[in-house]
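>
Number of protein chains: 2
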Amino acid sequence: MGTFPDLRKFGGADAFLRACKPRVAIELLSDKWSMLVLGALLFGPRRFGELRRMLDGITPKMLTRTLRSLERDGLLTRTVYPTVPMRVEYALTDLGESAAGMLAVITTWGAEHAEEILAARRAYDARPPAGETPVPA
Amino acid sequence: MGTFPDLRKFGGADAFLRACKPRVAIELLSDKWSMLVLGALLFGPRRFGELRRMLDGITPKMLTRTLRSLERDGLLTRTVYPTVPMRVEYALTDLGESAAGMLAVITTWGAEHAEEILAARRAYDARPPAGETPVPA
DNA sequence: CAGCATCCCCACGGATACTG
DNA sequence: CAGTATCCGTGGGGATGCTG
Chain Y
1 MGTFPDLRKF GGADAFLRAC KPRVAIELLS DKWSMLVLGA LLFGPRRFGE
51 LRRMLDGITP KMLTRTLRSL ERDGLLTRTV YPTVPMRVEY ALTDLGESAA
101 GMLAVITTWG AEHAEEILAA RRAYDARPPA GETPVPA
Chain G
1 MGTFPDLRKF GGADAFLRAC KPRVAIELLS DKWSMLVLGA LLFGPRRFGE
51 LRRMLDGITP KMLTRTLRSL ERDGLLTRTV YPTVPMRVEY ALTDLGESAA
101 GMLAVITTWG AEHAEEILAA RRAYDARPPA GETPVPA
């Protein structure tokens, strides 16, 4: 069928149904802020406020929730320095770095095909309401 | 920092803020069913009912919505055969196949790291409520 | 067969205000 | 500084029933 890695090697579509292994990756990608946070941490360890400023538009609540979730999954570490004022630093783990690697793949794909997709979208939206049904046979 | 492709080449975190190009990929991934449908179509063109059966748990409404969205983005084609009873076939485009390639990357990553993540999750959940704060310096 | 229409729920996530 | 607490609107998506 194609030149891409054969999905069936990994279980194909079945691999995604129900609560199966690779689903964790999908959940990660599906979350609005997770990959953004990982991306931000690629620049090195960052503090709460720094991340907040890097991720324009994120609220403290969502940043906290996202960081907790990523920490729980072992994608980043949270280190508290009990200074005054307090200081907390977040850093990617190896696992987190590899997850960010996925982000790179996705970003690349998106950058390469965005124009094509947007063009298809325009064409679709511009086509006649009641249409000629493409009838090959 | 790592061995993965350098995100900054693509604009880094900034590349994701607001409505920028690579975001279309994220939207694709974020949708609950889109990548599953693409994965199913990797096995070849399929009819509505076939897809419905392959994607256990999907409702007709969501299948329709997902297919329409993917068609609009040029990831698959929809061909109507006006037979009796009616027959509609969905097939990946080249663009759709390349998108499914992303799925392979993600699936692989998920399969390789799922156990690690689940272990981290168990460890996190099992740790003492009020905790020893890791104080390096 | 391949959908479309409708109702409805609740979880995601934003805004705002407060605390150790 | 680094969060927590609370309220609340939106819409994603399930269930059900009907149609060309």
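So the sequences go chain by chain: Y and G. Quick note on the UniProt record's numbering: the first sequence kicks off at 1 and runs consecutively. Quick note on the UniProt record's numbering: the second sequence kicks off at 1 and runs consecutively. Glycine is no exception: its CB is placed at the ideal position from the N, C-alpha and C atoms.
Select from Glu89(Y), Gly101(Y), Arg78(Y) the residue whose C-alpha is nearest the C-alpha of Leu36(Y).
Stepping through the first sequence from its first residue, residue 36(Y) is reached at position 36. Considering only alpha carbons, the answer is Gly101(Y).
> Excluding five sequence neighbours on each side, which residues of the same chain lie with their C-beta closer than 7 Å to the C-beta of Met62(G)?
Numbered from its first residue, the second sequence carries residue 62(G) at position 62. These residues qualify, in order along the chain: Trp33.
> Here's the rule I'm using: 16 or more other beta-carbon atoms within 10 Å means buried, otherwise exposed. How should Thr83(G) be labelled?
Residue numbering aside, residue 83(G) sits at position 83 when the second sequence is read from its first letter. Exposed, since its Cβ has fewer than 16 Cβ neighbours within 10 Å.
> Alpha carbon to alpha carbon, what distance is there between Pro60(G) and Leu29(Y)?
The residue labelled residue 29(Y) in the question sits at position 29 within the first sequence. The residue labelled residue 60(G) in the question sits at position 60 within the second sequence. Roughly 25 Å separates the two Cα atoms.
> Could you name the residues of chain Y that Met102(G) contacts, counting a contact when the two beta carbons are closer than 8 Å?
Your numbering for residue 102(G) matches position 102 in the second sequence. Neighbours of Met102(G) on chain Y, chain order: Val105, Ile106, Trp109.
> Could you tell me which whole alpha helix (DSSP H) segments of length 4 or greater appear in the UniProt domain "HTH hxlR-type" (20-118) of chain G?
For the UniProt domain "HTH hxlR-type" (20-118) of chain G, whole alpha helix (DSSP H) runs of length 4 or above, ordered along the chain, are 23-30, 34-41, 48-54, 60-72.
> Between which residues of its own chain and residue 142(Y) is the CB-CB distance below 8 Å, once the five residues before and five after are set aside?
Residue 142(Y) lies beyond the residue range present for chain Y, which begins at 1 and ends at 137; the question has no answer from this structure.
> Does any residue of chain Y have a CB that is nearer than 9 Å to the CB of Ala99(G)?
Counting from 1 along the second sequence, the entry for residue 99(G) is found at position 99. Yes - at least one Cβ of chain Y is within 9 Å of the one on Ala99(G).
> Nearest CA to the CA of Tyr90(G): which residue from Glu97(G), Leu103(G), Leu76(G), Arg127(G)?
Here residue 90(G) refers to the residue found at position 90 of the second sequence. For Tyr90(G), the nearest C-alpha among the options comes from Leu76(G).
> Along chain G, which residues have their Cβ under 7 Å away from the Cβ of Glu116(Y)?
Reading the first sequence from its first residue, position 116 is the one you call residue 116(Y). Gly74, Leu95, listed in chain order.
> Spatial neighbours of Ser69(Y) within its chain, please: C-beta separation below 8 Å, excluding the five flanking residues on both sides.
Position 69 of the first sequence, counting from 1, holds the residue named residue 69(Y). Excluding positions up to five away in sequence, the list reads Asp31, Ser34.
> Strictly below 8 Å CB to CB, what residues from chain Y border Arg121(G)?
Numbered from its first residue, the second sequence carries residue 121(G) at position 121. Per Cβ cutoff of 8 Å: Arg72, Asp73, Gly74.
> Do you know how far the Cα of Pro128(G) is from the Cα of Ala99(G)?
Taking the second sequence and counting its residues from 1, the one referred to as residue 99(G) is at position 99. Taking the second sequence and counting its residues from 1, the one referred to as residue 128(G) is at position 128. Straight-line Cα distance between these residues: approximately 43 Å.
> Closest to Glu97(Y) by C-alpha separation, out of Ala25(Y), Arg23(Y), Leu41(Y), Glu27(Y), would be which residue?
Working through the first sequence from its first residue, we reach residue 97(Y) at position 97. Answer by Cα proximity: Leu41(Y).
> Please confirm if Tyr90(G) has its CB atom under 9 Å from at least one CB of chain Y.
Residue numbering aside, residue 90(G) sits at position 90 when the second sequence is read from its first letter. No - not a single Cβ of chain Y is within 9 Å of the one on Tyr90(G).
> Starting from the C-beta of Gly57(G), find all residues in its chain whose C-beta is less than 8 Å away, skip the five residues before and the five after it, and write them out in chain order.
Numbered from its first residue, the second sequence carries residue 57(G) at position 57. There are no such residues.
> What's the C-alpha gap between Phe48(Y) and Arg78(G)?
The residue given as residue 48(Y) occupies position 48 in the first sequence. The residue given as residue 78(G) occupies position 78 in the second sequence. Between Phe48(Y) and Arg78(G), the C-alpha separation is close to 47 Å.
> Please list, in chain order, the chain G residues whose beta carbon lies closer than 7 Å to that of Val24(Y).
As a working note, residue 24(Y) is residue 24 in the first sequence. Those within 7 Å of Val24(Y) in chain G are Gly110, Ala114, Ile117.
> Alpha carbon to alpha carbon, how far is Ala111(G) from Tyr124(Y)?
The residue you call residue 111(G) lines up with position 111 of the second sequence. The residue you call residue 124(Y) lines up with position 124 of the first sequence. Distance between the alpha carbons of Ala111(G) and Tyr124(Y) is about 36 Å.
> Is the Cβ-Cβ distance between Ala120(Y) and Arg65(G) less than 9 Å?
As a first step, residue 120(Y) must be located in the first sequence, where it is residue number 120. As a first step, residue 65(G) must be located in the second sequence, where it is residue number 65. The answer is no: Cβ separation not under 9 Å.
> Kindly list, in the order they appear in chain G, the residues whose Cβ is closer than 7 Å to that of Leu67(Y).
Working through the first sequence from its first residue, we reach residue 67(Y) at position 67. The contacting residues do not exist; Leu67(Y) stays about 13 Å from chain G at best.
> Going by the beta-carbon positions, is the gap between Ala126(Y) and His113(G) smaller than 9 Å?
Mapped onto the first sequence, residue 126(Y) falls at position 126. Mapped onto the second sequence, residue 113(G) falls at position 113. No. Outside cutoff.
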